[in-house]
Amino acid sequence: MARMTLKEAMSRRSTIDWNRVRATTDDDIARQALEDGTETPDGLGAAYPTPATVRRHMGMTQASIAALIGVPVATWRNWEQGRVRLDPAVRTLLRVLWREPDAVRRAMEAA
1 MARMTLKEAM
11 SRRSTIDWNR
21 VRATTDDDIA
31 RQALEDGTET
41 PDGLGAAYPT
51 PATVRRHMGM
61 TQASIAALIG
71 VPVATWRNWE
81 QGRVRLDPAV
91 RTLLRVLWRE
101 PDAVRRAMEA
111 A
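Residue numbers (full-length UniProt numbering): 1 to 111.
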């Protein structure tokens with residue numbers, strides 16, 4: 001296994017095409033999720049809907065859905081981008097948001 005220092009890693013040129021990333025639409029993401037098998041047409045996937053599917057279903061931005069459920073937008077982005085594994089409570093929250101978005105809105109407004 002090759003190893004390098006943090007300084008060496010940071011000095012390497014990124015291979016990420018950020019213009020292409022920024023140009024990716026929600027429709028592109030949905031199509032790709034269907035193609036790679038992480039999502040089904042009903043949005044429920046194997047056990048729970050993905051964070052991106054829930055957000056699109058609710059017609060919200062990352063910032064607005066994060067504010068609704070009381071998490072930092074960076075946390076929501078990490079969930080959407082698969083940077084962190086979703087714990088059971090988050091998976092349950094996604095199911096509730098998918099099935100009963102208005103109930104969640106009412107509950108969070110009352111808090």
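Just so you know, even glycine gets a beta-carbon here, dropped at the ideal spot from N, CA and C.
Keep in mind that this is a model prediction, so the values were computed, not measured.
Item checked: Any 3 or more C-beta pairs closer than 8 Å across the segment 93-110 and the segment 49-59 -> Yes, the segment 93-110 is in contact with the segment 49-59.
Checklist line | Simplified DSSP state of residue 32, which is helix, strand or coil | finding: Three-state DSSP puts residue 32 in a helix.
Note to self: Let's test the definition: count the other Cβ atoms within 10 Å of the Cβ of residue 55 and tell me whether it reaches 16, buried, or not, exposed.
What the structure shows: Buried.
Check: Can you tell me the Cα-Cα spacing of residue 32 and residue 76, whole angstroms?
Finding: Residue 76 has its alpha-carbon roughly 19 Å from the corresponding atom of residue 32.
Notebook entry, point to check: Excluding sequence positions up to five away, which residues of its chain have a Cβ less than 7 Å from the Cβ of residue 65?
Noted result: If we look at residue 65 and ignore the five residues flanking it on each side, its Cβ neighbours are 55, 58, 76.
Margin query: Quick test of your reading: residue 73 and residue 62, contact by CB under 8 Å. State the CB separation rounded to the nearest angstrom.
Written below: About 6 Å separates the CB atoms of residue 73 and residue 62; that is less than 8 Å, so the two are in contact.
Item checked: Nearest-angstrom Cα separation, counted from residue 11 out to residue 69 -> Approximately 38 Å, taken between the alpha carbons.
Checklist line | Outcome for residue 79 when other beta-carbon atoms lying within 10 angstroms are tallied against a minimum of 16 | finding: With 16 or more Cβ atoms within 10 Å of its Cβ, residue 79 is classed as buried.
Next item on the list: Kindly indicate the opening and closing residues of the alpha helix (DSSP H) around residue 61.
Entry: In the DSSP assignment, residue 61 falls outside any alpha helix (DSSP H) and carries neither an H nor an E.
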